[in-house]
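The listed protein sequences correspond, in order, to chains A and B. In case it helps, the numbering used here puts the first sequence at residues 1 to 783. In case it helps, the numbering used here puts the second sequence at residues 784 to 945. Beneath this line is the structure, given in structure tokens, with notes to follow.
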Amino acid sequence: MTKKYEVSNKYGNYTDYKREFTEVGRSIPRPDGPAKVSGATVYTDDMTVPKMVYGRILRSPHAHALIKNIDYSKALALPGVLGVITGADCPIVYGIVPHNSNEHALAQEKVRSWGEGVAAVAAIDDETAEKALELISVEYELLPVLTDPREAVLRDDVRIHEDRPFNIAHEGKQRYGEPEKAFAEAAYVLEKDFYSSYVNHGFIEPQSAIADFDPNKGTLRLWATCQVPHYTHQQLAKVLDMPLNKIRITVPSIGGGFGGKGVASQADFCAALLSRKIGKPVKITYERSDIFATNNGRHPCYMKFKMAFDKDGLITGVDFDNLMEGGAYAGWGIVVLFYTASMVHIPYKVKNVLFRGRRVFTNKPVCGAHRGLGGVQPRFAMEQMLDEAAEHFGLNPFEIRMRNAAESGHTCASAMYVPHTEYKKCLEVAVKNSDFLAKQGKLPFGKGIGMSGGYYISGTSYTLYLSYKPHTVATIKVDEENGVTLFCGSTDIGQGSNMVMAQMAAETLGVKSENVHIYSMDTSVSTFDLGTFASRVTFATGKAIKQAAEKINQELFPVAAAMMECRGDEVAVKDYRFYSIYEPKKKNVSWDEVVTRYIESNGPLTATGQFTPPRRKGLQQGGNIGHSPTFGFSCQIAEVDVDVETGRIQVTKITEAGDCGQPINPMSVEGQVHGSIQMGLGQALYEEMKIGPDGKFLNPSLHDYKMPTTLDMPDVHATIVEAYDPSAPYGGKESGEGPIQPTIPAIFNAVYDAIGIRFTEMPLTPEKVLSALKAKKAAEMKA
Amino acid sequence: MKTQLIELNINDQIYEIPITPVDLLVDVLRKKVGFTGTKKGCGQGDCGACTVLIDGKTALACITLAIACQGKKITTIEGVANKDGSLHPIQQSFVEHGAVQCGFCSPGMILSSKALLDSNPSPSELEVKRALSGNMCRCTGYILILEAVHAAAEKMAQAGVK
Chain A
1 MTKKYEVSNK
11 YGNYTDYKRE
21 FTEVGRSIPR
31 PDGPAKVSGA
41 TVYTDDMTVP
51 KMVYGRILRS
61 PHAHALIKNI
71 DYSKALALPG
81 VLGVITGADC
91 PIVYGIVPHN
101 SNEHALAQEK
111 VRSWGEGVAA
121 VAAIDDETAE
131 KALELISVEY
141 ELLPVLTDPR
151 EAVLRDDVRI
161 HEDRPFNIAH
171 EGKQRYGEPE
181 KAFAEAAYVL
191 EKDFYSSYVN
201 HGFIEPQSAI
211 ADFDPNKGTL
221 RLWATCQVPH
231 YTHQQLAKVL
241 DMPLNKIRIT
251 VPSIGGGFGG
261 KGVASQADFC
271 AALLSRKIGK
281 PVKITYERSD
291 IFATNNGRHP
301 CYMKFKMAFD
311 KDGLITGVDF
321 DNLMEGGAYA
331 GWGIVVLFYT
341 ASMVHIPYKV
351 KNVLFRGRRV
361 FTNKPVCGAH
371 RGLGGVQPRF
381 AMEQMLDEAA
391 EHFGLNPFEI
401 RMRNAAESGH
411 TCASAMYVPH
421 TEYKKCLEVA
431 VKNSDFLAKQ
441 GKLPFGKGIG
451 MSGGYYISGT
461 SYTLYLSYKP
471 HTVATIKVDE
481 ENGVTLFCGS
491 TDIGQGSNMV
501 MAQMAAETLG
511 VKSENVHIYS
521 MDTSVSTFDL
531 GTFASRVTFA
541 TGKAIKQAAE
551 KINQELFPVA
561 AAMMECRGDE
571 VAVKDYRFYS
581 IYEPKKKNVS
591 WDEVVTRYIE
601 SNGPLTATGQ
611 FTPPRRKGLQ
621 QGGNIGHSPT
631 FGFSCQIAEV
641 DVDVETGRIQ
651 VTKITEAGDC
661 GQPINPMSVE
671 GQVHGSIQMG
681 LGQALYEEMK
691 IGPDGKFLNP
701 SLHDYKMPTT
711 LDMPDVHATI
721 VEAYDPSAPY
731 GGKESGEGPI
741 QPTIPAIFNA
751 VYDAIGIRFT
761 EMPLTPEKVL
771 SALKAKKAAE
781 MKA
Chain B
784 MKTQLIELNI
794 NDQIYEIPIT
804 PVDLLVDVLR
814 KKVGFTGTKK
824 GCGQGDCGAC
834 TVLIDGKTAL
844 ACITLAIACQ
854 GKKITTIEGV
864 ANKDGSLHPI
874 QQSFVEHGAV
884 QCGFCSPGMI
894 LSSKALLDSN
904 PSPSELEVKR
914 ALSGNMCRCT
924 GYILILEAVH
934 AAAEKMAQAG
944 VK
């Protein structure tokens, strides 16, 4: 397969860039597919280990209360109950961000949100464990409850955490360029407030953990639903006060993560602590209500946005004040806060930026990392404001985006560098495929079309460990017994990263992807990797794999050259044959023969590659998203039908065009795009976790928390635009979190086009639509 | 509650299982018989991950009492493939069309699809959407799943598969 890429680049030297791939770019069906469709795949809760018993966590019915006393004597006396733990058994703090961890496996003297764990039991079966929970009596002293961050920042009399005045977990300020001057000199200034909602990941597989502590060896094994096993490894070692090398975490198949399984779950800690206490393996599997109680979903944001434009509609300044609700604990908060700050710098050229952000504690289940974290919220605001500005300038939404779009080689005011982008191509393709220009502003009342752009980081990392070791390591072993074996640390949470890793290794090694054996989800076997989050895997692990595979080739090429009687530098490898690039038909030798010859004379062949994103010096001002080595881009155009009688919105079609560089597996990219659109659609129209004024969770079930079904999905037309990022491994960039960025604002812009009303809060429920239509009608009557 | 021994026909085999009258089918299948392909995503009949077929019709195993299934024919995902373990055309189509990501909803999706195609071999787009509307998936956006079901219907019609 020969592909010709035209890659727009500041240096103009990539036109006619030619690339021949044999494994990369193939839509290989997933190798784990047959087992998954047969019910043979083993997820954590499908496992049993000998002597295993069952654990359950008792959760607080109150959102903010002191724990005066816990009496579990009756529970312990129940036949079949083996052990109980409370906060007293887990005094050591943990958290995903080492600088400001403040979480515990079970509550310490105080609960800060509904559903916080206060005790855990182990029993011979689930039923007994559940009965035991009812026999634990907890005496609470209720405290005032804060469920609104706007109130929480005013109430220093109610501190959710004693050491945090006014409930502010973190505050960040950034100033790039001369924003005050930009606003003073602007031809047009637009100011608006937005609210982005409180949603959960909604993965279908609940968290589960099986811990097996061996009291004789002092070792712990954990099988669990970890998206980031090396992080859970660190935190378990801390909370259990054990050395890392006495703990082994194995991740069975995972049923979706979307960021929610990135943090260690309380099931991991409680199962481990119970197992150590009773000397038996303990399994804890969450109920759906446990998932909502421990949440870690998207941060709701109260955003005050100001944008300045010059007379041509070019953005000259952005002023962004973000009051970000974090729930009861620190979690990923500081990372998300600075991500929201960074997200205003691309995909448009913005020279002057002022940012003030506060991440605030409230008595609600903690917020965390959720697909497209930190990007979805400001994108929702900015893309709607761009449409409004376009209207002011008499431009169409496409024109204003094209004028402002960043190009390859762009350096942001914050020093972020964009090595490659086809963002303009995404805009053009989506506009063409949807016939946007012929429809926008011209459809009958109730029907509308709207567009939005978006981007996301690719290959970055947040340094979750206070350590300078490489962020990603991959090791490849080549032998006669197993062929190619790849050890890497990325976690396949269902997105198919194992297959993508295999395709990249196979590409350089000249073998078939299907024959690459991967060991990726076991802390004792896999190599170190910061983990699967922030769309870093394809780029970061890909770089490490490429380096390792090239090292293998450096060893094998001279052997092949000697066997073929040619020079080492003219050897290439493809489809299990080494060949001379000058005389491929005459001089070639099979891969197996070369490997055998190498091993006979040298012994085993292994090589290791590594990757750490390069640091961009200077202007980070607290955020380190700028270390992202590259970015993925996309445009989406939504078409909607608004039923003006019922207020119900049906999204009828979404046309997407995305730049993920060279797709490693196009079918997988398509799946990521579709899934992103579905999740965005849910947040735009239906999904919201509802918390009562007393902090009680009103809808902790999939019955009352409404996720899109087949009947809610629009027609989706997704296109991968021709792209090749020369800075990326095999030219490929992220596609897992970029595509959710434009979905929500595209739908909101389409609703504006349909009924002429600009909504600034998610979700866009029929109630909101109807009351806005009513108000509009009343205003028109008055006029 | 008192345990009793009942017989259940699961995937054309008779199993003798000790249960209590309140035991749910999903737990009996997963824990007592070992058919862990039936998934539990919500435990409240909302997500469809536990879908099985009872006498050919879809049922949610997490809200079905095992004791009520005596004398009926239960099909789980483990009973869908051909006798030699090779994939049923619906399963094959899911794999080939990229309809599987994390795979947690796949067993339920496939059983809902099978119930549909067994009774309606060439369904319309809306009929497929309706038949799968009780099965939640959070990875795929359903698009490739719907494609896979239509492709399977066509293939089965051509091959005359039942």
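Glycine is no exception: its CB is placed at the ideal position from the N, C-alpha and C atoms.
query	result
Among A:Pro629, A:Gly736, A:Gly313, nearest to A:Ala415 - alpha-carbon criterion	A:Pro629
Inter-residue Cα distance where the pair is A:Leu274 and A:Gly172	40 Å
Beta-carbon neighbours of B:Ala832, restricted to chain A and to distances below 9 Å	Ile204, Glu205, Gly255
Among A:Tyr140, A:Pro98, A:His99, the one whose alpha carbon lies nearest that of A:Glu116	A:Tyr140
Option in A:Ile85, A:Pro347, A:Phe305, A:Cys367 with minimal Cα separation from A:Ser73	A:Ile85
Length at least 4, wholly inside the region 487-570 of chain A: the alpha helix (DSSP H) runs in chain order	497-509, 537-564
Proximal residues of chain A, C-beta to C-beta of B:Ala864 below 7 Å	Ser38
Beta-bridge partners of A:Ala264, as assigned by DSSP	DSSP, once it has assigned bridges, lists no residue as partnering A:Ala264.
Buried versus exposed call for A:Ala778 [16 or more other C-beta atoms within 10 Å across all chains shown]	exposed
Expected contact under 8 Å - CB spacing of A:Ile449 and A:Phe631 to nearest Å	With 8 Å as the limit, A:Ile449 and A:Phe631 do not qualify as a contact, their Cβ atoms being about 26 Å apart.
DSSP-derived helix/strand/coil call for A:Pro470	coil
Members of the region 689-712 of chain A that neighbour chain B once the beta carbon cut-off is set at 7 Å	Ser701, Leu702, His703, Met707, Thr709, Thr710, Leu711
CB contact check: B:Thr923 to chain A, cutoff 8 Å	yes
Buried or exposed by the 16-neighbour rule on C-beta atoms within 10 Å, applied to A:Glu325	buried
Boundaries of the beta strand (DSSP E) in which A:Asp715 is found, first to last residue	715-720
Which residues DSSP lists as bridging A:Met307, in chain order	A:Leu190, A:Val318
Three-state class that DSSP yields for A:Arg358 in the structure shown	strand
Residue burial classification, A:Asn482 (beta-carbon count within 10 angstroms, cutoff 16)	exposed
Residue-chain proximity (A:Val716, chain B), Cβ-Cβ < 8 Å	yes
Contact check, A:Val573 vs A:Tyr598, beta carbons under 8 Å	no
C-alpha distance - A:Thr232 paired with A:Leu222, whole-angstrom precision	10 Å
Buried or exposed by the 16-neighbour rule on C-beta atoms within 10 Å, applied to A:Leu702	buried
Near-chain A residues of the region 898-927 of chain B - C-beta to any C-beta below 9 Å	Leu909, Val911, Lys912, Arg913, Ala914, Leu915, Ser916, Gly917, Asn918, Met919, Cys920, Arg921, Cys922, Thr923, Gly924, Tyr925, Ile926, Leu927
Close-in-space but distant-in-sequence residues of the same chain around A:Leu802 (CB under 7 Å, 5 per side omitted)	Residue 802 of chain A lies beyond the range of chain A shown here (1 to 783); nothing can be said about it.
Same chain only: Cβ atoms within 7 Å of A:Leu466, ignoring 5 sequence neighbours per side	With a pLDDT of only 49 at A:Leu466, under the threshold of 50, the placement of this residue in the model should not be trusted; the figure read from the coordinates follows. The answer, listed in chain order, is Pro98.
Identity of the residue in A:Phe611, A:Ser535, A:Tyr579 nearest A:Gln547 by Cα	A:Phe611
6 Å CB neighbourhood of A:Asp492 in its chain, flanking five on each side removed	Asn498
Whole-number beta carbon distance between A:Met451 and A:Cys635, since they are thought to touch under 8 Å	7 Å
Under the three-state DSSP convention, the category A:Tyr231 falls into	helix
CB contact below 8 Å: B:Ser889 versus chain A	yes
Distance between A:Ile168 and B:Met892 (C-alpha atoms, nearest Å)	45 Å
Residues sharing a beta bridge with A:Val84, DSSP	A:Val121
Expected contact under 8 Å - CB spacing of B:Ser905 and B:Ala940 to nearest Å	6 Å
Inter-residue Cα distance where the pair is A:Gly262 and A:Ala328	18 Å
Spatially closest choice to A:Val138 from A:Glu109, A:Ile160, A:Asp157, by CA coordinates	A:Glu109
Beta-carbon proximity of A:Asp387 to A:Leu354, cut-off 8 Å	no
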